[in-house]
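For reference, the structure is listed below as structure tokens.
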Amino acid sequence: MSNYKPLKAVAVRQAMKWIATIAPHLPDNLILSLLKPQINYIKYPDGIDFVNSIILQAKRYFAKASEVCRNRMAVNLFANYSLLSGEKRNDFIAREGLGPPLLYVISPTMRCNLTCYGCYSANYNKNDDLDFETIDRVITEGKEYGIYFVVISGGEPFIRDDILKIFEKHNDVFFQVFTNSTMIAKKKLTKNIAELGNVLPCISVEGFEKETDERRGKGTFKTIISVMEELRERGAAYGFSVTATRQNNELIVSDEFVDFFVDKGCFLGWYFNYMPIGRNPDVDLMPTPEQRNYRRKIIIEMRKTKPIVLADFWNDGTSVGGCISGRVYLHINNRGDVEPCVFSQFSVDNIKGKSLCEVWKSPFFNELRARQRGMKNKLRPCMIIDRPNVLREVVSHACARPTQQGGEATLTKLAPALDEYARRYAEIAEDAWEKEYGEERETKKEEHSASESGEATMEAESKGL
Numbered sequence: 140m141s142n143y144k145p146l147k148a149v150a151v152r153q154a155m156k157w158i159a160t161i162a163p164h165l166p167d168n169l170i171l172s173l174l175k176p177q178i179n180y181i182k183y184p185d186g187i188d189f190v191n192s193i194i195l196q197a198k199r200y201f202a203k204a205s206e207v208c209r210n211r212m213a214v215n216l217f218a219n220y221s222l223l224s225g226e227k228r229n230d231f232i233a234r235e236g237l238g239p240p241l242l243y244v245i246s247p248t249m250r251c252n253l254t255c256y257g258c259y260s261a262n263y264n265k266n267d268d269l270d271f272e273t274i275d276r277v278i279t280e281g282k283e284y285g286i287y288f289v290v291i292s293g294g295e296p297f298i299r300d301d302i303l304k305i306f307e308k309h310n311d312v313f314f315q316v317f318t319n320s321t322m323i324a325k326k327k328l329t330k331n332i333a334e335l336g337n338v339l340p341c342i343s344v345e346g347f348e349k350e351t352d353e354r355r356g357k358g359t360f361k362t363i364i365s366v367m368e369e370l371r372e373r374g375a376a377y378g379f380s381v382t383a384t385r386q387n388n389e390l391i392v393s394d395e396f397v398d399f400f401v402d403k404g405c406f407l408g409w410y411f412n413y414m415p416i417g418r419n420p421d422v423d424l425m426p427t428p429e430q431r432n433y434r435r436k437i438i439i440e441m442r443k444t445k446p447i448v449l450a451d452f453w454n455d456g457t458s459v460g461g462c463i464s465g466r467v468y469l470h471i472n473n474r475g476d477v478e479p480c481v482f483s484q485f486s487v488d489n490i491k492g493k494s495l496c497e498v499w500k501s502p503f504f505n506e507l508r509a510r511q512r513g514m515k516n517k518l519r520p521c522m523i524i525d526r527p528n529v530l531r532e533v534v535s536h537a538c539a540r541p542t543q544q545g546g547e548a549t550l551t552k553l554a555p556a557l558d559e560y561a562r563r564y565a566e567i568a569e570d571a572w573e574k575e576y577g578e579e580r581e582t583k584k585e586e587h588s589a590s591e592s593g594e595a596t597m598e599a600e601s602k603g604l
């Protein structure tokens, strides 16, 4: 019996390699019908469509992937992370009384070779890089809890000369890396990325060439396309990442835009709302509530027809159960400060002095999870722009400190504008929640009760109840 677990793991990994080889030859309907029992837990149709798009896009990618890249995705992402992590997660729950993170983001550096206006991470201290040993320790600890999917952000991760060593050492983990791609081009890293097979670069764009070069510098878009073409030739997976602003919101959900990056071979596309944090925060750059809702509706429809995974960090609450900040993920910045989210830049603990488990069980994160349980409308998940009162209260209770210069502006100077945005978006989101999802609207009384409930259940949450 002592040899059962490793033998089972070997069998599952070999099976996933075989499935990845034959999947491109199977009908879509057959694959989805076989996997349907595994996603029955998803409550809303658009959430099911999202998962189905991942499954079918993996099938399409496996047909053109190199053998190394196909096997790494099949083993690391689907076997290690999706199929084999359950036992480790259950052990964590039994031992600690709550579930571990499903994933985390590490920003190993905040150094960057570009100076994009409105960058959310521009005001972090750039003198400190997170040391290799700490990164290694965190990833190793995460694997003990079943976390085999790690997101790398920054700064520009590929500015670090040792970044590939991290991916190579942890070759059983699947890494998604947000990058501007220019250092990949400069250091000629596409071959290395393809040979590793466990790295999926998500390359930042702002639209087409005009919009991208306007924010990121002349010639950047051509570099991005060149890197994508090299990665495609080598059989690696990659995607795009785009920040929605008031100026480009409609463009980036147009058929023309999405089809362009489908034609360029992108596996997925990430959408992020511009957030008034970092360099010269400007609330007027945010998409209006109406624009945000428009983007939500368009992406839901595009998932049904476009051969690409489309993910919207602010509008996919129905797919992931609401806000994931501090509930199923966290962010470790370049100094080791642990934040609930890359955009919620407040911290109590530093990973250099505590384990991942200790931080996860902290009063700060416990209160976040308790407050989230009272948020019924999954179209209003964010405690920064949808429920800013929650962020102010939780930060105050935990005595959390801003981790980026000027970060307190979210709680002070920008508070009136964020409150007004939240009020306007709530009107739209409550209407959609009732009409599109058949759910009861949140009343003011319910929101007040949710606030009280969050505080009252902090102690129970800390005990894993």
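Just so we're aligned: the sequence shown equals residues 140 to 604 in the numbering used here.
Using N, Cα and C, we set each Cβ at its ideal position, and we do this for glycine too.
Here the structure is a predicted model, which means the values were calculated and not measured.
CB contact below 9 Å: residue i versus chain C
i, result
"Asn310", "Looking for chain C here will not work: only one protein chain is present."
Reduced DSSP secondary structure (H/G/I, E/B, other) of residue i
i, result
"Ser320", "coil"
"Ser486", "strand"
"Lys583", "Any answer about Lys583 is weak, because its pLDDT of 49 lies below 50 and its placement is not dependable; what the coordinates show is given next. If DSSP states are grouped into helix, strand and coil, Lys583 belongs with the helices."
"Ser221", "helix"
"Ser205", "coil"
"Trp409", "strand"
"Pro637", "Nothing about residue 637 can be reported from this structure: the residues present for the chain run from 140 to 604 only."
"Tyr200", "helix"
"Gln315", "strand"
"Tyr468", "strand"
"Leu449", "strand"
"Val151", "helix"
"Asp398", "helix"
"Ser458", "helix"
"Ile291", "strand"
"Asp167", "helix"
"Glu578", "coil"
"Val481", "coil"
"Ser172", "helix"
"Thr382", "strand"
"Glu440", "helix"
"Asp188", "helix"
"Asp570", "helix"
Close Cβ partners of residue i (< 8 Å) along its chain, the five nearest in sequence each way excluded
i, result
"Gly408", "Gly378, Phe379, Ser380, Val381, Val397, Phe400, Ile447, Val448, Leu449 and Ala450"
"Glu295", "Thr248, Arg250, Cys251, Asn252, Leu253, Thr318, Asn319, Thr321 and Met322"
"Pro426", "Ala383, Thr384, Arg385, Asn388, Asn412, Tyr413 and Arg434"
"Gly461", "Gln511, Met514, Lys517 and Pro520"
"Ala333", "Ser205, Val207, Cys208, Leu370, Arg373, Gly374 and Ala375"
"Pro240", "Gly281, Tyr284, Ile286, Val467, Tyr468, Leu469, Leu495 and Trp499"
"Leu557", "Pro415, Val422, Ile523, Ile524, Pro527 and Thr549"
Minimum C-alpha distance to residue i - residue among the options
i, options, result
"Tyr468", "Asp476, Gly461, Ser458 and Cys480", "Cys480"
"Ser292", "Ile274, Ile439 and Asn215", "Ile274"
"Lys493", "Arg276, Ile302, Ile170 and Ala159", "Arg276"
"Val534", "Ala568, Gly465, Ile471 and Lys491", "Gly465"
"Phe482", "Asp267, Arg510, Lys403 and Met414", "Met414"
"Asn331", "Met522, Val312 and Leu303", "Leu303"
"Asn215", "Asp311, Ser365 and Ala154", "Asp311"
"Trp157", "Pro145, Lys198 and Pro184", "Lys198"
"Ala233", "Ile278, Tyr284 and Tyr143", "Tyr284"
"His309", "Arg299, Leu335 and Lys327", "Leu335"
"Ser343", "Ala333, Asn264, Met367 and Leu328", "Met367"
"Ala376", "Glu350, Phe406, Ser393 and Ser365", "Phe406"
"His470", "Gly356, Ser260 and Phe231", "Ser260"
"Tyr180", "Val459, Asp558, Glu578 and Ala561", "Val459"
"Asp455", "Asn432, Ser501, Ile567 and Asn472", "Asn432"
"Asn472", "Ile391, Gly356 and Asn264", "Asn264"
"Lys436", "Trp572, Ile363 and Gly346", "Trp572"
"Asp167", "Tyr143, Gln196 and Tyr183", "Gln196"
Close Cβ partners of residue i (< 6 Å) along its chain, the five nearest in sequence each way excluded
i, result
"Arg526", "none"
"Leu550", "Arg531"
"Ala159", "Phe201, Arg209 and Ala213"
"Phe231", "Pro239 and Tyr284"
"Glu569", "Arg580"
"Glu585", "For Glu585, the predicted model reports a pLDDT of 45, less than 50, meaning its position is unreliable; a value from the coordinates is still stated below. Nothing meets the Cβ criterion."
Beta-carbon separation (whole angstroms), residue i vs residue j, contact threshold 8 Å
i, j, result
"Ala539", "Val477", "Not quite, the Cβ-Cβ distance comes to about 10 Å (not below 8 Å), so this is no contact."
"Val316", "Val244", "At roughly 10 Å, the Cβ-Cβ gap does not stay under 8 Å, so Val316 and Val244 are not in contact."
"Gly257", "Asp421", "7 Å"
"Gly374", "Lys552", "The Cβ separation is near 49 Å, so there is no contact."
"Tyr564", "Thr457", "At roughly 15 Å, the Cβ-Cβ gap does not stay under 8 Å, so Tyr564 and Thr457 are not in contact."
Beta-carbon contacts of residue i that lie in its chain and below 7 Å, excluding the five residues immediately before and after
i, result
"Leu223", "Ala148 and Val151"
"Asn262", "Gly417, Arg418, Gln543, Gln544 and Gly545"
"Arg442", "Asp188, Phe189, Ser192 and Leu449"
"Pro176", "none"
"Leu495", "Val277, Glu280 and Gly281"
"Pro145", "none"
Query raised in the report: Can you list, in chain order, the stretches of the beta strand (DSSP E) that have 3 or more residues and sit fully within the segment 325 to 377?
Result: Counting only runs of at least 3 residues, the segment 325 to 377 fully encloses the following beta strand (DSSP E) elements, listed from N- to C-terminal order: 338 to 344.
Report task. Enumerate, from N- to C-terminal direction, the unbroken beta strand (DSSP E) stretches of 3 or more residues contained entirely within the segment 210 to 284. Result -> Fully enclosed beta strand (DSSP E) runs of 3 or longer: 243 to 245.
Query raised in the report: What are the start and end residues of each continuous alpha helix (DSSP H) run of 4 or more residues lying completely inside the segment 520 to 557, in chain order?
Result: For the segment 520 to 557, whole alpha helix (DSSP H) runs of length 4 or above, ordered along the chain, are 527 to 537.
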